[in-house]
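Asks: When you line the sequence shown up against this note's numbering, it's residues 1395 to 1594, in that order.
Think of the CB as a built atom: it goes at the ideal place given N, C-alpha and C, for glycine as much as any other residue.
In this text, all values refer to a predicted model and were calculated from it rather than measured experimentally.
This is the structure, below, for whatever I ask next.
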Amino acid sequence: MARLLLVRHAPTSETGVRLTGRLPGVHLSDTGREIAAHVARLVAAARPVALYSSPVERTWETALEIGAAAGLEPAIHPGFTEVDFGRWTGRTLRDLSRLKAWARVQAAPSRFRFPEGESFLDVRHRAVSACEDLAATHRRKTVAVVSHADVIKTVLSHYLGQPADLFQRLVVAPGSVSILELPADAPPRVVGINLGTPWT
């Protein structure tokens, strides 16, 4: 049985303020580095055999903290990269919340595609495929994956058997760990969501 520790990156100064997406140059804040060190200790205690990360800087910086604590070299996995928010990238959440399309993002996300970007169904497909690939590669092992809130939420929602439009009901805080078990011959299990976060 493969066990995946799905870690949301620690916070930046833009977390909860701006949709930074895949913008370069967005790094962990001072608080974020403290939270990354905290989550690194939690993940290291689970003794993962491998560590994967989205290529976005804030996830990579979090993964480096985990790697240092767990004695692992992180590897980039593009399946877990941030949503491509297209033309919405870089805009503030306050600004976006005034758009008519914002209500669709919240109420019917499966029917929405970000302008010149991805749909949530695209994200769900690539991230779940990435989880299945890791489960096949690391049978009966624990691995850690550092990713992003919406990516992790779509994965958890899929394995919980939720309709795609309900994934926004899940909360995945910065610096949290969610645990997913993918046995080869039994149903998937979501063991925990949003664990260990000191974020308030």
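If you follow the beta strand (DSSP E) that valine 1401 is part of, which residue opens it and which one closes it?
Replies: It spans 1396 to 1402 - the beta strand (DSSP E) in which valine 1401 sits, taken as one unbroken run.
Asks: Would DSSP call threonine 1594 helix, strand or coil?
Replies: Unreliable placement is indicated for threonine 1594, whose pLDDT of 45 sits below 50; the coordinate value is still reported in the next sentence. Coil at threonine 1594, not helix or strand.
Asks: In three-state terms, what does DSSP make of valine 1595?
Replies: One cannot answer for residue 1595 here, as it falls past the ends of the chain, which runs 1395 to 1594.
Asks: Using the three-state DSSP reduction, which class does serine 1551 fall into: helix, strand or coil?
Replies: Of the three classes helix, strand and coil, the one that applies to serine 1551 here is helix, per DSSP.
Asks: Report the three-state DSSP secondary structure of leucine 1515 (helix, strand or coil).
Replies: DSSP places leucine 1515 in helix when its eight states are reduced to three.
Asks: So what does DSSP say about valine 1437, is it helix, strand or coil?
Replies: Reduced to three states, the DSSP call for valine 1437 is helix.
Asks: Considering only their Cβ atoms, is the gap separating arginine 1402 from proline 1503 smaller than 8 Å?
Replies: No, the pair does not count as a contact, with Cβ atoms beyond the cut-off.
Asks: Could you spell out the range, first to last residue, of the alpha helix (DSSP H) harbouring glycine 1461?
Replies: Its alpha helix (DSSP H) spans residues 1451 to 1464.
Asks: Reducing DSSP to helix, strand and coil, say where valine 1571 ends up.
Replies: Valine 1571 falls in the strand class under three-state DSSP.
Asks: Helix, strand or coil: which one does DSSP assign to valine 1391?
Replies: This structure does not reach residue 1391, given that the chain is present from 1395 up to 1594, and the question cannot be answered.
Asks: Quick one, are the C-beta atoms of alanine 1377 and leucine 1528 less than 8 Å apart?
Replies: The structure shown does not extend to residue 1377, since the chain is modelled only from 1395 through 1594, so no value can be given for it.
Asks: Residues bridged to threonine 1406 by DSSP?
Replies: Threonine 1406 is bridged to Leu1422.
Asks: Could you have a look at arginine 1534 and say whether DSSP puts it in helix, strand or coil?
Replies: Coil at arginine 1534, not helix or strand.
Asks: Taking 7 Å as the limit between beta carbons, can you name the residues of its chain near leucine 1490, skipping five residues before and five after?
Replies: Closer than 7 Å at the Cβ level, and outside the excluded window around leucine 1490, lie Leu1413, Trp1482, Trp1496.
Asks: For arginine 1563, which of helix, strand or coil comes out of DSSP?
Replies: Arginine 1563: helix per DSSP, three-state reduction.
Asks: If contacts are defined as beta-carbon pairs under 8 Å, then glycine 1426 and alanine 1444 qualify, I think. What distance do you get, rounded to the angstrom?
Replies: Contact flag wrong, Cβ pair sits at about 24 Å.
Asks: For leucine 1487, is the classification buried or exposed, using 16 other Cβ atoms within 10 angstroms of its Cβ as the cut-off for buried?
Replies: Under this definition leucine 1487 is an exposed residue.
Asks: Whole-angstrom Cβ separation of glycine 1480 and phenylalanine 1508, contact assumed at under 8 Å?
Replies: Yes, glycine 1480 and phenylalanine 1508 are in contact; Cβ-Cβ is about 4 Å, under 8 Å.
Asks: Using a Cβ distance threshold of 8 Å, determine whether the stretch 1546 to 1566 contacts the stretch 1419 to 1437, with at least three qualifying pairs required.
Replies: Touching, no.
Asks: Excluding the five sequence neighbours on either side, which residues of its own chain have a C-beta within less than 7 Å of the C-beta of glutamate 1512, listed in chain order?
Replies: Excluding sequence neighbours, glutamate 1512 sits near Val1477, Asp1478.
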